[in-house]
Amino acid sequence: MYPASEKRFVRVNRITIFLIFAVILAGSVVRSTGSGMGCPDWPKCFNRIVPPTSVDQLPEGYEEHYIEHRAKKNERFANILEKVGFQKEADLIRHDESLLAHEPFNVAKTWTEYGNRLFGVLSGIGVLLTLVFSFTYLRVKPIIFIVSLINLFALTFQAWFGSIVVSTNLTPWVITVHMLLAIAIACMSIYTFYKATTLRNKDILINHSFIGIKYVCIAFILLLLVQVIWGTQVREEVDVMLKSGVDRNQWLDFISSSYMRHRIFGYICTAFILFLFWLIRSRFAPNSIQSKTVTFVLLFGGLQLITGVILGRYNLPAFAQPLHLLFSILFFSSVYYLMLLTNKATY
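Mapping of the sequence shown onto the numbering used here: residues 45 to 391, in sequence order.
Okay, structure coming up:
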């Protein structure tokens with residue numbers, strides 16, 4: 045039996061995980077629709093808590109004010125990059141005048157970006173509450189509190205980095221780092237959920253003689269990380285073409301070999317999914333959480349492959365881009381959770 049305080053933690057932790065996935069989906073919608081600069085400032089939108097719905101509600105002379113503010117923030121960010129050894133990236137941020145380009149007001153893009161920020165606030169509240177409720181584990185399982193605390197710091201950094209995404213006018217590599225941080229935050233929330241649910245219920249972790257399953261999952265995660273990196277390279281090239289005004293029907297003609305690597309690797313990952321599914325289902329009971337989780341791995345992997353095929357066959361349609369990213373994150377997260385579930389119970 046779970047004490048009431050632990051039940052509350054597990055419930056909030058579960059909701060927080062779903063909110064993080066919602067933020068990732070919302071961010072992908074923002075990216076695929078080119079709405080990232082719908083709000084030229086941060087954390088407010090046109091210096092308003094509720095964004096404007098028409099041009100006459102815009103602050104007077106906001107263009108010059110925000111451009112000046114972004115220029116100062118970019119200079120500070122470039123100084124940080126320079127100190128940690130990223131001289132090339134720092135120089136690009138300092139000298140790329142397109143980063144300060146003004147984008148005309150578009151109410152649809154403004155409210156799309158605003159929706160993304162609202163989900164971000166909700167997930168932030170969830171991570172904060174997760175930390176507060178994790179105090180109940182300080183004596184019995186302190187790692188839950190420690191990871192929850194680290195996750196809050198990671199989310200705080202993520203929020204600050206979101207302002208850098210805006211100030212650098214959606215620089216592709218900055219957006220990619222922003223997304224990878226979101227994946228790391230999701231994984232930490234999944235980890236605390238796993239630790240909390242297995243603390244009182246050791247039956248979740250079924251001991252099994254085939255200890256290699258965990259290492260198969262780890263190898264698969266590493267494989268997926270490579271696939272994610274190649275996928276982000278493709279995404280960055282698409283972002284550049286989107287900002288340059290290249291016609292969508294020509295995008296696949298201009299994308300480099302990274303797209304072909306990403307595509308071929310997708311089929312390799314599909315073969316790995318089928319192998320992992322057979323491996324788990326042949327060694328765990330059908331009603332075990334491991335078997336249920338690997339079913340989700342198969343489902344999300346299949347949906348990710350289908351949306352990838354749609355992207356390749358139909359010139360990267362905008363509706364399929366956020367779905368492809370969402371299924372990819374759900375796919376990665378389910379493999380990560382399955383890897384945790386292949387640990388042996390400690391008594």
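Glycine included, each C-beta is placed from N, C-alpha and C at the ideal position.
Residue 332 and residue 357 have their C-alpha atoms spaced approximately 38 Å apart.
Burial is judged here by how many other beta carbons sit within 10 angstroms of a residue's own beta carbon; residue 87 has fewer than 16 and is exposed. DSSP lists 89 as the beta-bridge partner residues of residue 92.
Residue 128 sits in coil when the DSSP states are folded into three classes, being neither helix nor strand. Contact annotation: residue 219 and residue 198 have beta-carbon atoms that are not nearer than 7 Å. Comparing alpha-carbon positions, the option among 282, 134, 167 lying closest to residue 195 turns out to be 167. If you check the CB distance, residue 378 and residue 340 come in under 7 Å.
Taking C-alpha positions only, residue 330 is separated from residue 352 by approximately 30 Å. Residue range 364-385 is occupied by the alpha helix (DSSP H) that includes residue 368. The stretch 64-73 makes contact with the stretch 154-170, as at least three CB pairs between them are under 8 Å. Your pair residue 386 and residue 261 checks out as a contact, with CB atoms roughly 6 Å apart and the cut at 8 Å. Scanning 186, 208, 58 for the CA closest to the CA of residue 243 turns up 186.
Listed in chain order, the non-local C-beta contacts of residue 235 below 8 Å within the same chain comprise 191, 384, local neighbours out to five positions each way being set aside.
Taking 7 Å as the cut-off, the Cβ atoms of residue 324 and residue 342 do not count as close.
Here the C-alpha atom of residue 48 lies approximately 11 Å from the C-alpha atom of residue 55.
Separation of residue 92 and residue 85 (C-alpha to C-alpha, rounded to the nearest whole angstrom) is 10 Å. When the Cα atoms are used, residue 216 and residue 132 turn out to be separated by approximately 15 Å.
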